[in-house]
Structure formats: C-alpha cells, structure tokens
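Same order as they appear, the protein sequences are chains A and B. Residues 3 to 118 (my numbering) are what the first sequence spells out, left to right. Residues 3 to 118 (my numbering) are what the second sequence spells out, left to right. We put the CB at the ideal spot given by N, CA and C, even for glycine.
Protein chains: 2
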Amino acid sequence: MEALTIREAAQTTGWSARMLRYIERSGLVAPARSSAGYRLYGPAELQRLRTLKELLGRYEIGLSDVAFAARMATSAELRDDVAGWLAEKPSRPEHVSAQDWLRFEQDKHEKLLAAA
Amino acid sequence: MEALTIREAAQTTGWSARMLRYIERSGLVAPARSSAGYRLYGPAELQRLRTLKELLGRYEIGLSDVAFAARMATSAELRDDVAGWLAEKPSRPEHVSAQDWLRFEQDKHEKLLAAA
DNA sequence: CCAACATTACCACGAGAGTGTCAAGGTTGG
DNA sequence: CCAACCTTGACACTCTCGTGGTAATGTTGG
Chain A
3 MEALTIREAA
13 QTTGWSARML
23 RYIERSGLVA
33 PARSSAGYRL
43 YGPAELQRLR
53 TLKELLGRYE
63 IGLSDVAFAA
73 RMATSAELRD
83 DVAGWLAEKP
93 SRPEHVSAQD
103 WLRFEQDKHE
113 KLLAAA
Chain B
3 MEALTIREAA
13 QTTGWSARML
23 RYIERSGLVA
33 PARSSAGYRL
43 YGPAELQRLR
53 TLKELLGRYE
63 IGLSDVAFAA
73 RMATSAELRD
83 DVAGWLAEKP
93 SRPEHVSAQD
103 WLRFEQDKHE
113 KLLAAA
C-alpha cells in the first residue's frame with residue numbers, strides 16, 4: 003500500500019491535516035477515499051500539494067486565487083469575459099498593474115510626510 | 003470638458019463614490035487626475051466600470067478575483083506557473099464537496115478541450 | 001466669498017479566507 | 001479488545017475584502 007493517510011500526507015507535504023481537508027473542500031486537491039471514507043493520498047496528490055505550497059509562497063497568493071484560476075481554466079465563458087474586460091484598453095491612464103499601486107501609495111505617503 | 007467627477011461617475015455607473023476609490027486602489031480602473039488631484043472619469047473609464055459591474059454580477063466573482071486575473075495577465079511567470087500547476091493531472095477528479103459553486107457537468111467538455 | 005464639491009485618513013462592520021482545537025463517533029491493526 | 005488513528009461538525013480567532021460612514025482640509029464655480 004503506497005497511499006498515505008491524512009496525517010502522513012500532512013507530515014511529508016508540510017501542510018497541516020486541517021489544511022489538507024480545507025484544500026480538498028476548495029476543490030484543489032481531492033484524494034481518493036478508502037471504503038470506510040478515509041482519505042488516501044497517492045504520489046500524485048503529494049506532489050501536487052508540495053508544488054501548491056511552493057506556488058502560494060513564491061507569489062504571495064492564496065488558495066482562493068488558485069481556485070479562481072482553476073475556475074477560469076474550466077470555463078471558457080468566464081475566461082473569455084475576464085480576458086475581454088482586461089483587454090479593454092484604459093485609453094488615458096497608464097499602468098497601475100497591481101504591483102505598482104503599492105509603490106504608488108508609498109511614494110504618496112512619503113511626499114505627505116516630507117511636506118509636513 | 004467631458005470628464006466626469008467622481009460623484010457624477012458614480013451616478014452613471016451604479017457604483018458608489020466610495021467604491022470607485024476602492025476600485026482604483028485595487029488597480030482595476032484608474033482615472034486621470036486634474037491638476038488639483040480630482041479624479042476625472044472619461045468615456046473609457048465609465049465603460050470599463052459598467053462592464054466590470056456586469057462581469058462581477060454575472061459570475062459571482064469579486065474585485066480581488068479580477069485583480070488576480072490582471073496580475074496573471076501581466077506576469078508571464080505567474081501565469082505559466084499557475085497554468086503548470088493546474089495542468090498537473092489530478093489523478094481522480096471526484097469528490098468535490100457538496101456546496102460546490104462550480105458546475106462541473108456543464109464544463110466537462112471544455113476541460114477536455116483545455117487539456118488538449 | 002462661499003456652498004458644494006473634491007481629497008485623504010480614519011472607524012466600523014459583516015462576510016469570507018485561513019488556520020487551530022476540541023467533541024462525538026467510526027475504523028484499523030496488533 | 002483497545003490505543004491510535006480517521007471522519008464530520010462546531011467554536012473561535014486573525015486577516016482581508018467590500019462597503020458605509022465621518023472628519024479635517026483643499027478646490028471650484030457662480
């Protein structure tokens with residue numbers, strides 16, 4: 003038997019057992035079940051859980067973000083509508099691409115402090 | 003001058019002035035500014051705000067979801083890593099929890115297409 | 001000049017995400 | 001048989017999201 007129980011899977015992936023259940027509930031990694039209902043994590047699930055952890059940490063994103071990406075990946079309609087909205091060029095306003103507004107806010111704050 | 007102030011923009015788009023500032027802060031719709039710092043909403047921004055409202059309502063998604071999509075659209079690295087994770091085959095697609103907001107049955111064929 | 005607008009900076013508050021812990025009960029292996 | 005595991009469900013806490021206010025202050029137009 004190569005499938006791990008939730009406790010073993012938790013230890014080898016770095017997630018807590020609680021989070022493994024939460025991740026399953028959000029539709030991201032759903033392990034098989036034994037006849038009695040026990041979760042059985044195979045090599046594929048374990049790998050997926052490790053790379054998920056890596057992904058979230060590297061980009062500072064959340065499970066809900068990945069869940070949304072999954073939803074876009076499975077619904078062409080959603081994906082196309084979102085892509086369509088993003089493609090609407092904001093004629094005038096340059097940039098502000100989600101990573102920049104932080105710096106924007108910070109600069110403003112510094113300016114206010116300097117003026118005081 | 004055809005640009006509207008935040009109050010006028012709020013009335014014609016259905017958002018509140020408060021939300022227009024919030025939307026700007028999340029990097030989705032950033033209007034131009036007057037020399038005194040007043041937000042100036044032009045036709046492009048107004049249209050964008052209306053379609054944004056439509057988009058959120060139609061799919062029951064949030065501003066943060068669209069903001070994340072925007073982040074993926076501007077970062078090839080993020081986009082590829084997320085897509086790569088989603089492409090890792092989930093050994094058995096089953097057990098998606100009772101209160102599931104996805105309509106898997108409807109999207110099944112699209113998932114097959116995306117995997118091709 | 002001044003009423004009506006704008007700006008930012010706060011306080012607040014319900015809802016959801018992300019976690020832990022505990023309870024009550026079923027399953028497993030030695 | 002029984003200790004150690006598993007299950008679901010619930011209480012709770014911290015953060016962020018999505019909103020609404022209010023206050024203090026600057027700007028605009030008639």
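Residue-chain proximity (residue i, chain A), Cβ-Cβ < 8 Å
| i | result |
| --- | --- |
| K91/B | yes |
| L88/B | yes |
| R94/B | With a pLDDT of 42 at R94/B, under the threshold of 50, the modelled position of this residue cannot be trusted; read the value that follows with caution. Judged by the 8 Å Cβ criterion, R94/B is in contact with chain A. |
| A75/B | yes |
Residue j beta carbon less than 8 Å from that of residue i
| i | j | result |
| --- | --- | --- |
| L22/B | T14/B | no |
| A48/A | A12/A | The sequence given here places Leu at residue 48/A; Ala does not occur at that position. Going by C-beta atoms, L48/A is not nearer than 8 Å to A12/A. |
| A19/B | R35/B | no |
| A75/B | L88/A | yes |
| A72/B | G29/B | yes |
| E90/B | R50/A | yes |
| G64/B | L58/B | yes |
Of the listed residues the options, nearest to residue i (C-alpha basis)
| i | options | result |
| --- | --- | --- |
| L42/B | Q49/B, R50/B, A32/B | A32/B |
| D82/B | V68/A, A46/A, G16/A | V68/A |
| S77/A | V84/B, Y61/B, G86/B | Y61/B |
| V84/A | V84/B, L54/B, E26/B | L54/B |
| S66/A | R52/A, E26/A, A46/A | E26/A |
| E4/B | G44/B, R52/B, G86/B | G44/B |
Closer than 8 Å to chain B by CB, residue i
| i | result |
| --- | --- |
| I63/A | yes |
| A123/A | With chain A represented from 3 up to 118, any question about residue 123/A goes unanswered, as that position is not in the structure. |
| A72/A | yes |
| L6/A | no |
| L80/A | yes |
Any chance you could list the alpha helix (DSSP H) runs of at least 4 consecutive residues sitting entirely within the segment 57 to 93 of chain B, in chain order? 65 to 76, 78 to 89
Interface positions of the segment 36 to 59 of chain B facing chain A (Cβ-Cβ less than 8 Å), listed along the chain: G44, A46, E47, Q49, R50, T53, L54, L57
Could you pull out every unbroken alpha helix (DSSP H) segment of at least 4 residues lying fully inside the segment 3 to 59 of chain A, listed in chain order? 8 to 15, 19 to 27
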